[in-house]
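**Q** My questions will all concern the structure given below.
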Amino acid sequence: MDAKRPNLLWILPGRILVALAFLVLLALQGRAILLFAQHAQLALEYPYNLNYGEGPLLDQAVRLARGEGIYSLDVPPFTITNYPPLYMLAQAPLVNAYGPVFWYGRVISLVSIGAAALFLVLTIRAITRSWLAGLAGGLMLLTIPYVLHWSPLVRIDSLALGLSMAGLFCVAQFPNSRFGGVLAALLLAAAAFTRQTYLLAAPFAAFWWLWGSGYRYRAMMLALVFGIVVLGVFAVLLVWTQGGIWFHIITANVNALDFELIDTYVEEIARNFPVFLIGGALFLLGGLFGRQKSWWLAAPYTLCAVVVGLTISKVGSDINYFYELAAAFCLLAGALVAWFRRVPLLRAGLLLALAGQVYLAQELSESKYYPFIAERVIHQAEVDALYQRVQATEQTIIADEYMALLVLAGKPILFQPFEMSQLAAAGMWDDTPFLAALEGGTYPVVMQYNPFRNPGLRFERWTPDMLRILNQRFRPAGQTAETTVYEYAR
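Using this note's numbering, read the sequence shown as starting at 1020 and increasing by one per residue.
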């Protein structure tokens, strides 16, 4: 007994420090999650689009609800469906029940991101055998500014991340289960049919986790089932759409590159996420040589998430390209906390460092990303006026930022300016017939977004020829919500 007492005296203070540090981390995570909830509530209560891409996605859900195709190669309408159909299919029954509105798409996104955080907690716990590591790492997801900003939107990314995290959990929790492997393959395939970039990080990480854990037969079976499901379903869609899906989700997504975007976001990440970067690098290097089992899942997932994140250099890309990088930060944080379990003082220090990271992340959320939606909500009356004008106009309307108002008013989207302009610039779409129609008055009302903070945006969304015709053949007929309404001058 006496021989053991010094050990207890040594260990007990360390455990107390770990517990206190963990409580500090939980308190700051709770504060950040409260901000996340307030931000989500603002989005749920706002009836109009908060992002350019929300309008086309709702329009696609409406078309699916009517039994129409969304990957047609026939034009007009001049529209592009950039993603696989799962997210839009999930909304189609709700379109029939409630009509075209945004709240159910936002609920799907928010529930999905909540599920992603839950499965991150459970996955980290499964690969580390530590609930403390699982909670410390998994709850981080809801504190990251990119997730706070993007998750309330009617966009496909939150559902894709939630499905992929569920697939990783099945692999981590049931590595030797046939049913778990099949379920994981199906969930990972569902994520890929929500957003095509999810073909990479989670499936690759799941395979190497099984392989590195000694379950090599299960790894091969997972890859086989995943490949059969993805290729089989895609082949059916390819035939069904007569090749249209290939053009829409692959060819039309090859935009021009702007490497200044990478410089901008690398600087932002380096300045605001130092603990994730330093701690993650420490684990990726030390975990390999230290034979950490969790390295086989966290390392390949992080590598692929970085590759996907670099594609933010495409013109028109946004912070949704950092979704998997955010999940990678969480995996690395949880794995690092578990790695230090035998050194309580270092573990307590790491937990406090992660608490500081949460504080930095929340400052970025409050200063840059929270205001995006908050400012839209403040100016709702202006969008109300624009929507009333859309409802009252019997003439054909085309628009950019507020094309979503057409869908809410029961009108079709006939032209997506950014997507079609990028295709025209790349030589993949002959815009001559559209230009002739625009110049001839086929589209007598055009709504063009001109935000004072980004005056060059119109040059990304409209080609020089389109802008020339607007200047020559149309006249301004009003302005509200930073949008100029042009009418055809006969």
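All C-beta atoms, glycine included, are put in the ideal place defined by N, C-alpha and C.
Could you tell me which of Leu1167, Thr1270, Leu1105 sits nearest to Ser1386, measuring between CA atoms?
**A** Numbered from its first residue, the sequence shown carries residue 1386 at position 367. When only C-alpha atoms are compared, the closest one is Leu1167.
**Q** Per DSSP, what kind of secondary structure is Thr1430 in: helix, strand or coil?
**A** Along the sequence shown, one-based indexing puts residue 1430 at 411. Strictly speaking, residue 1430 in this sequence is Lys, with Thr absent from that position. Coil, per DSSP.
**Q** Going by DSSP in three states, Glu1501 sits in which element: helix, strand or coil?
**A** Stepping through the sequence shown from its first residue, residue 1501 is reached at position 482. In this structure, Glu1501 counts as coil in the three-state DSSP scheme.
**Q** Between the beta-carbon of Val1173 and the beta-carbon of Phe1121, is there less than 8 Å?
**A** Against the sequence shown, residue 1173 aligns to sequence position 154. Against the sequence shown, residue 1121 aligns to sequence position 102. Yes, these two residues count as a Cβ contact at 8 Å.
**Q** Under the three-state reduction of DSSP, which class applies to Pro1470: helix, strand or coil?
**A** Here residue 1470 corresponds to residue number 451 of the sequence shown, with the count starting at 1. Looking at Pro1470 - three-state DSSP - the assignment turns out to be coil, as it is neither helix nor strand.
**Q** Let me check understanding here. Comparing Cα to Cα, which of Tyr1342, Gly1186, Asn1291, Pro1474 lies closest to Ile1175?
**A** By 1-based counting over the sequence shown, the position of residue 1175 is 156. Considering only alpha carbons, the answer is Tyr1342.
**Q** What would DSSP say about Leu1425, mapped onto helix, strand or coil?
**A** Counting from 1 along the sequence shown, the entry for residue 1425 is found at position 406. Residue state, collapsed to three classes: helix.
**Q** Grouping DSSP H, G and I as helix and E and B as strand, with all else coil, what is Glu1413?
**A** Locating residue 1413 in the sequence shown gives position 394, counting from the first residue. Residue state, collapsed to three classes: coil.
**Q** Mind checking which residues open and close the alpha helix (DSSP H) that includes Asn1101?
**A** The residue given as residue 1101 occupies position 82 in the sequence shown. Where Asn1101 is concerned, there is no enclosing alpha helix (DSSP H), given that its DSSP letter is neither H nor E.
**Q** Helix or strand or just coil, what does DSSP make of Pro1066?
**A** Walking along the sequence shown from the start, residue 1066 turns up at place 47. Here Pro1066 sits in coil by DSSP.
**Q** Ordered along the chain, which non-local residues of its own chain (more than five positions away) have a Cβ less than 7 Å from that of Ile1338?
**A** As a first step, residue 1338 is located in the sequence shown; it is residue number 319 there, counting from the start. Hits under 7 Å: Tyr1165, His1168, Trp1169.
**Q** Expressed to the nearest angstrom, what Euclidean distance is found between the alpha-carbon atoms of Gln1192 and Ile1052?
**A** Taking the sequence shown and counting its residues from 1, one reaches residue 1192 at position 173. Taking the sequence shown and counting its residues from 1, one reaches residue 1052 at position 33. Their backbone Cα atoms lie some 26 Å apart in a straight line.
**Q** Pull up the distance between the alpha-carbon of Ala1324 and that of Ile1281, whole angstroms please.
**A** One-based indexing of the sequence shown puts residue 1324 at position 305. One-based indexing of the sequence shown puts residue 1281 at position 262. Distance between the alpha carbons of Ala1324 and Ile1281: 14 Å.
**Q** In the DSSP output, what is Ala1418 paired with across the bridge?
**A** Against the sequence shown, residue 1418 aligns to sequence position 399. DSSP, once it has assigned bridges, lists Met1466 as partnering Ala1418.
**Q** Would you call the segment 1123 to 1137 and the segment 1087 to 1095 in contact, with 3 or more CB pairs under 8 Å?
**A** Short answer: they don't touch.
**Q** Our contact map puts Arg1494 next to Ala1508 with C-beta atoms below 8 Å; I'd like the distance itself, whole angstroms only.
**A** The residue given as residue 1494 occupies position 475 in the sequence shown. The residue given as residue 1508 occupies position 489 in the sequence shown. Right, the Cβ-Cβ distance comes to about 5 Å (below 8 Å), so this counts as a contact.
**Q** What residue range does the alpha helix (DSSP H) around Pro1452 cover?
**A** The residue you call residue 1452 lines up with position 433 of the sequence shown. Counting along the chain, the alpha helix (DSSP H) containing Pro1452 begins and ends at 1451 to 1459.
**Q** Looking only at DSSP bridge pairs, what is Arg1494 linked to?
**A** Within the sequence shown, the letter at position 475 stands for residue 1494. BP columns for Arg1494 point to Glu1506.
**Q** Please name the residue, chosen from Ala1354, Ala1208, Thr1100, Leu1322, that lies closest to Phe1302 on a Cα-to-Cα basis.
**A** Translated into the one-based positions of the sequence shown, residue 1302 becomes position 283. Nearest of Ala1354, Ala1208, Thr1100, Leu1322 to Phe1302, Cα basis: Ala1354.
**Q** Would you mind stating whether Phe1245 and Ala1185 have Cβ atoms separated by less than 8 Å?
**A** If you number the sequence shown from 1, residue 1245 lands on position 226. If you number the sequence shown from 1, residue 1185 lands on position 166. For Phe1245 and Ala1185, no; Cβs fall outside 8 Å.
**Q** Compute the Euclidean distance between the alpha carbons of Leu1424 and Val1294, then round it to the nearest angstrom.
**A** Position 405 of the sequence shown, counted from the start, is the residue given in the question as residue 1424. Position 275 of the sequence shown, counted from the start, is the residue given in the question as residue 1294. Using only the alpha carbons, I get a separation of about 42 Å.
**Q** Applying the 10 Å Cβ sphere with the 16-neighbour rule, what's the burial state of Arg1115?
**A** Locating residue 1115 in the sequence shown gives position 96, where the first residue counts as 1. Rather than Arg, the amino acid found at residue 1115 in this sequence is Asn. Counting Cβ neighbours within 10 Å, Asn1115 comes out exposed, since fewer than 16 surround it.
**Q** Quick check on the DSSP output: what are the complete alpha helix (DSSP H) runs of length 4 or more inside the segment 1171 to 1249, in order along the chain?
**A** Runs found: 1176 to 1192, 1197 to 1211, 1220 to 1231.
**Q** Tell me whether Lys1387 sits in a helix, a strand or coil according to DSSP, three-state version.
**A** Position 368 of the sequence shown, counting from 1, holds the residue named residue 1387. In the structure shown, Lys1387 sits in a helix (DSSP, three-state: H, G or I).
**Q** Determine the DSSP secondary structure at Leu1092, reduced to helix, strand or coil.
**A** As a first step, residue 1092 must be located in the sequence shown, where it is residue number 73. The answer is coil: DSSP assigns Leu1092 none of H, G, I, E or B.
**Q** Per DSSP, Leu1276 forms a beta bridge with which residues?
**A** Here residue 1276 corresponds to residue number 257 of the sequence shown, with the count starting at 1. Partner(s): Lys1333.
**Q** Please name the residue, chosen from Tyr1421, Leu1405, Lys1430, that lies closest to Gln1414 on a Cα-to-Cα basis.
**A** One-based indexing of the sequence shown puts residue 1414 at position 395. Ranking Tyr1421, Leu1405, Lys1430 by Cα distance to Gln1414 puts Lys1430 first.
**Q** Answer yes or no: do Asp1517 and Gln1491 have a C-beta to C-beta separation smaller than 8 Å?
**A** Nothing about residue 1517 can be reported from this structure: the residues present for the chain run from 1020 to 1509 only.
**Q** In whole angstroms, what is the alpha-carbon distance linking Asp1277 and Arg1050?
**A** Position 258 of the sequence shown, counted from the first residue, corresponds to residue 1277. Position 31 of the sequence shown, counted from the first residue, corresponds to residue 1050. Approximately 36 Å, taken between the alpha carbons.
**Q** From Leu1365, Ile1163, Ala1145, pick the residue whose C-alpha is nearest to that of Tyr1388; which is it?
**A** As a position in the sequence shown, residue 1388 is number 369, starting the count at 1. That would be Ile1163, whose Cα lies nearest to the Cα of Tyr1388.
**Q** Of the residues Ile1331, Asp1449, Phe1188, Ile1099, which one's Cα is nearest the Cα of Val1140?
**A** What you label residue 1140 is simply residue 121 of the sequence shown in a count that begins at 1. Minimum Cα distance to Val1140 is reached at Phe1188.
**Q** Which residue comes first and which comes last in the alpha helix (DSSP H) that contains Met1439?
**A** On the sequence shown, position 420 is the one that residue 1439 refers to. It spans 1436 to 1444 - the alpha helix (DSSP H) in which Met1439 sits, taken as one unbroken run.
**Q** Secondary structure at Glu1087, three-state DSSP: helix, strand or coil?
**A** The residue labelled residue 1087 in the question sits at position 68 within the sequence shown. In this structure, Glu1087 counts as coil in the three-state DSSP scheme.
**Q** What residue range is occupied by the uninterrupted alpha helix (DSSP H) comprising Val1362?
**A** On the sequence shown, position 343 is the one that residue 1362 refers to. Element bounds for Val1362: n/a, residue is neither H nor E.
**Q** If we ignore side chains and look at the alpha-carbon of each, how far apart do Arg1237 and Leu1151 end up?
**A** Taking the first residue of the sequence shown as position 1, residue 1237 is located at position 218. Taking the first residue of the sequence shown as position 1, residue 1151 is located at position 132. Their Cα atoms are separated by approximately 29 Å.
**Q** I need the straight-line Cα distance from Val1326 to Val1426, nearest angstrom please.
**A** As a working note, residue 1326 is residue 307 in the sequence shown. As a working note, residue 1426 is residue 407 in the sequence shown. The straight-line gap from Cα to Cα measures roughly 35 Å.
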